[in-house]
Structures are given as C-alpha cells and as structure tokens.
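Q: Below: one structure in structure tokens.
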Amino acid sequence: MTAKQEEQDEGCFATTFERKYYSRNGAFVKRSLQPREFRTGYRGLHIPRLNKERLMNEAESLRFIRSHTDIPVPTVYCDFQDDEAYYLITEYVEGVGMSELAEDQKATVREELQQNVVVNPETLRINAIVDWEYAGFFPPRFEWPFFNRLGPSVAIHDEIDDASSILEFLTSQRVISARGLISPRGGGDGGDGTAAQAEALRAEGVDVQRRGLGELCVDLDVYGWFPEDLPSQLEDEGGEQ
Numbered sequence: 001m002t003a004k005q006e007e008q009d010e011g012c013f014a015t016t017f018e019r020k021y022y023s024r025n026g027a028f029v030k031r032s033l034q035p036r037e038f039r040t041g042y043r044g045l046h047i048p049r050l051n052k053e054r055l056m057n058e059a060e061s062l063r064f065i066r067s068h069t070d071i072p073v074p075t076v077y078c079d080f081q082d083d084e085a086y087y088l089i090t091e092y093v094e095g096v097g098m099s100e101l102a103e104d105q106k107a108t109v110r111e112e113l114q115q116n117v118v119v120n121p122e123t124l125r126i127n128a129i130v131d132w133e134y135a136g137f138f139p140p141r142f143e144w145p146f147f148n149r150l151g152p153s154v155a156i157h158d159e160i161d162d163a164s165s166i167l168e169f170l171t172s173q174r175v176i177s178a179r180g181l182i183s184p185r186g187g188g189d190g191g192d193g194t195a196a197q198a199e200a201l202r203a204e205g206v207d208v209q210r211r212g213l214g215e216l217c218v219d220l221d222v223y224g225w226f227p228e229d230l231p232s233q234l235e236d237e238g239g240e241q
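Read in order, the letters of the sequence shown are residues 1 to 241 in the UniProt record's numbering.
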C-alpha cells in the first residue's frame, strides 16, 4: 500500500508486514492484512502466519483475563472478520514508548519492566506493555539466545533462525475452539493452567495506566495454555519469551 493509499485509509496511523493499526474515537483498531495488501520484502512476498487465529486468540485471551483474574487488560469492544481481514477493536491507551524517555526517567520504570512499555511522560507511570504475539512458556530449546537479552527476538549475527521451528511447535500444541482460543491438547479450562497464564501475564504482559500495579495488558495474539512440563521460571526473569 502506498503512502497516499494509507492516508486515504481513515484513522490508520501505522502499517507493518502483518497488521494495520487505527485510532478512531477513543478506540484502538488492529486488523490483519488482506491478501491483496501483503507486502514484498527482501525475501519475497511475506505471507503472515496464523494471521486470523492470532487476533482471535488475543480477543479471547483479553476477555478471559478480564473475567477470571484481577489483571488489568483493555476492554475488548468487538472482534470480527470482514472482507478477508480480521479486526480487533479495544480501548485506546494514551502514552509514549519507554524508548522516548530520558535515561534518568527510564530508571523509574526499568525496575518493573524492561521493554515494550508505554509510559506517561509526565508521571512516568506505565500506561501499557505491548507485543504479546508470542508470549507464553516454551521448551528450553527456544529459551536462548532470545530469552534474557533486550531487543528483538530475532536471529542476529551468527545465531540460528529457529522461527520456523517455534511456529511448528505452537501449531502442534494448539487446539482451536469455536472462536479460535489456543488451548492445550487435552483441555484446560481453569485450575493450574489459569494460574500459570495469570502469572505469565504479570511478568510480561502488563499494560498499565498504573495505580501502584499494572492496569492494562495488550497484544495477546499468540497467548494461551502451553504444556505443563515447560519451565515456569520464565515468568520471573523479564525480557523476551
């Protein structure tokens, strides 16, 4: 899509290789790209993986967390499919990225969370933590080198790119409900699985307009229940998962 076309798409403020983002009348709209909007990069045509399911899962995860825990998440207004794209509409969170703060200001929030933090520039309170597309518990083989470092969870320098392997793992473990929620094979409608989700949310996904603790969690595209034998210590470490 050209810059001119994007300007004509009312309310659109950003487009990536997988999503379009809108701000309209106090609502935040996130939608998948339509096939005709798929973009070409240096590796050729980029076709988003789990394009629809990730947004369906995010919507269901937000609803579940809001209904069954005290973890603050944005209100989901609606989610639906239209014209080969899937839409997720939630409340809009005001703030700035943590990267925009001065170094002394960053220190105020760094003790709690390391990155993907949207902060009120005046009060330094956390307004949101974003990018939950692949949050969860993963087998040890996927922990390093991405787990403890700041920055993108992509292969750099001489590291092996295991993106295909981790997507294969996610697909192999999922069971899609009528609305697309990813859950473990064999069930999982509460109990320990619910508690594990809640603790993982506290560690990486708090989207906050903060009153002492986090108030809002966003971007839960590929959130769900993962196998019980996966390491639980991830939730206490911070950083990329």
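Glycine included, C-beta positions come from ideal geometry on N, C-alpha and C.
Given the structure is predicted, the values throughout are model-derived calculations rather than measurements.
Am I right that residue 14 and residue 89 are in contact with their C-beta atoms under 8 Å? What's the rounded C-beta distance?
A: Not quite, the Cβ-Cβ distance comes to about 16 Å (not below 8 Å), so this is no contact.
Q: Rounded to a whole number of angstroms, what is the C-alpha to C-alpha distance between residue 49 and residue 159?
A: The straight-line gap from Cα to Cα measures roughly 22 Å.
Q: If you measure between the beta carbons of residue 17 and residue 39, is that distance less than 9 Å?
A: Closer than 9 Å, so yes.
Q: Could you tell me which of 52, 33, 122 and 69 sits nearest to residue 102, measuring between CA atoms?
A: Measuring from the Cα of residue 102, the nearest candidate turns out to be 122.
Q: With a threshold of 8 Å on Cβ separation, who are the neighbours of residue 81 within its own chain once the five nearest residues in sequence on each side are excluded?
A: Hits under 8 Å: 52 and 87.
Q: For a minimum of 4 consecutive residues, which ranges assigned as the alpha helix (DSSP H) are wholly contained in the segment 37 to 75?
A: Taking only runs of at least 4 residues, the alpha helix (DSSP H) segments lying wholly in the segment 37 to 75 are 51 to 68.
Q: Rounded to the nearest angstrom, what separates residue 12 and residue 29 at their Cα positions?
A: Spanning the two alpha carbons is a distance of roughly 9 Å.
Q: Which residue marks the beginning of the beta strand (DSSP E) containing residue 91, and which one marks its end?
A: Start and end: 85 to 91.
Q: What do you get for residue 24, buried or exposed, if any count of 16 or more other CB atoms within 10 angstroms of its CB means buried?
A: Residue 24 is exposed by the Cβ-count criterion.
Q: Does DSSP put residue 123 in a helix, a strand or coil?
A: Residue 123 falls in the coil class under three-state DSSP.
Q: If you drop the 5 nearest sequence neighbours on each side, which residues of the same chain put their C-beta closer than 7 Å to that of residue 34?
A: If we look at residue 34 and ignore the five residues flanking it on each side, its Cβ neighbours are 83, 84 and 85.
Q: Report the CB separation of residue 75 from residue 91 in whole angstroms; it is logged as a contact under 8 Å.
A: Right, their Cβ atoms sit about 5 Å apart.
Q: Counting only the same chain and skipping the five closest in sequence on each side, list residues whose C-beta sits under 8 Å from that of residue 77.
A: Same-chain partners within the cutoff: 27, 89, 90 and 91.
Q: Kindly identify the DSSP beta-bridge partner or partners of residue 13.
A: According to DSSP, which records beta bridges pairwise, residue 13 is partnered with nothing at all.
Q: Under 9 Å, do residue 32 and residue 43 count as touching if we go by C-beta distance?
A: Contact flag unset, no.
Q: Look at the alpha carbon of residue 21 and the alpha carbon of residue 10, and state the distance between them as a whole number of angstroms.
A: When rounded, the distance between both Cα atoms is 11 Å.
Q: Looking at the structure shown, is residue 34 part of a helix, part of a strand, or coil, going by DSSP?
A: Three-state DSSP puts residue 34 in coil, outside helix and strand.
Q: Quick one: give me the first and last residue of the beta strand (DSSP E) that residue 23 is part of.
A: Its beta strand (DSSP E) spans residues 19 to 24.
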